[in-house]
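See structure below.
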Amino acid sequence: MKRLAEIFCCDLQSRLLPNIEVLREAGVPESKIVVLLQYQPRVLMVGRERFRKVVEEVKELGIRPSCLSFILAVQAFRAMNKSTWEKKVALYKKWGWSEDEIILAFKKHPYCMMISADKITAVMDFLINKMGFESSVVLHRPALLSYSLEKRIIPRCSVYKVLLENGLIDKGKLLVLLVEKTEQKFLQRFVQRYEGEAPGLLNLYEKELALSRS
């Protein structure tokens with residue numbers, strides 16, 4: 481409600497309504513505009529011409545206006561200046577991504593450019609240097625960067641390592657499922673399923689979770 485209240489405090493005629501019209505003209509469905517109004521109304525609190533430029537930049541990337549990622553990309557472009565964008569590009573290049581690949585990752589998951597440099601470095605370092613995954617794994621699923629390293633990725637990867645060491649799964653093939661599944665489905669698929677072959681798996685996972693909370 482606080483976010484929605486901002487709408488009524490701004491100049492509807494000079495900012496909000498004109499920018500909603502810009503989105504409509506770009507082909508953004510009403511349902512996606514409503515999502516933006518509900519969760520990120522501040523994105524619209526800018527002059528019409530500046531907002532139109534942001535929308536055009538997103539369209540030039542080839543993101544379909546009908547997709548939620550279009551709205552998320554608009555939000556990302558509004559939140560960053562050119563310097564911040566270039567710093568994030570340079571950071572991802574350090575992990576072996578080309579500029580085209582960075583744009584591809586952004587189109588899949590626009591928030592990958594809004595994540596802090598420290599978190600990007602921490603997640604990439606853990607997955608690549610400590611777990612031995614290729615950086616392409618994250619490139620193909622950049623949403624992995626949005627999950628908590630301490631509370632999600634590390635505890636679940638501890639389970640992954642045990643399963644791998646016991647020959648119960650193949651290296652690299654299940655990382656996305658491992659991280660992205662809900663807690664209940666993760667436990668069913670990767671813990672309870674292998675209780676017989678890997679005793680103590682649940683205790684290990686719970687211990688890692690406890691460490692993340694301490």
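In this note's numbering, the protein residues as written are 481 to 694.
From the three backbone atoms N, C-alpha and C, an ideal C-beta is built for every residue, glycine too.
Please read these numbers as outputs of a predicted model, since none were measured by experiment.
Query raised in the report: Between the C-alpha atoms of residue 662 and residue 673, what's the straight-line distance to the nearest angstrom?
Result: 15 Å
**Report entry** Close beta carbons around residue 630, own chain, < 7 Å, minus the five adjacent residues each side
**Finding:** 692
Report task. With hydrogens ignored, establish whether the beta-carbon of residue 495 is closer than 8 Å to any heavy atom of the ligand NAP. Result -> Ligands in the displayed structure: none, and consequently the ligand NAP is not present.
Query raised in the report: Beta-carbon separation of residue 569 and residue 551 under 9 Å?
Result: no
Query raised in the report: Since residue 678 and residue 654 are thought to touch, with beta carbons under 8 Å apart, how far apart are those beta carbons, to the nearest angstrom?
Result: That pair is no contact at about 15 Å.
Query raised in the report: When the distance is taken between beta carbons, is residue 502 closer than 9 Å to residue 535?
Result: yes
**Report entry** First and last residue of the uninterrupted alpha helix (DSSP H) at residue 635
**Finding:** 634-645
**Report entry** Close Cβ partners of residue 638 (< 8 Å) along its chain, the five nearest in sequence each way excluded
**Finding:** 684, 685, 688
Query raised in the report: Just the Cα atoms here: how many angstroms apart are residue 494 and residue 528?
Result: 8 Å
Query raised in the report: Below 9 Å between beta carbons: does that hold for residue 588 and residue 621?
Result: yes
Requested in this report: With distances taken Cα to Cα, identify the nearest neighbour of residue 553 among 575, 564, 541, 613.
Outcome: 541
Requested in this report: Return the Cβ separation of residue 509 and residue 549 in integer angstroms, given the expectation that the two are a contact with Cβ distance under 8 Å.
Outcome: About 13 Å; that fails the 8 Å criterion.
Query - Helix, strand or coil at residue 526 [DSSP, three-state] - result: coil
**Report entry** Spatial distance of residue 616 from residue 624 (CA atoms)
**Finding:** 12 Å
Query - Backbone CA spacing between residue 525 and residue 626 [nearest angstrom] - result: 26 Å
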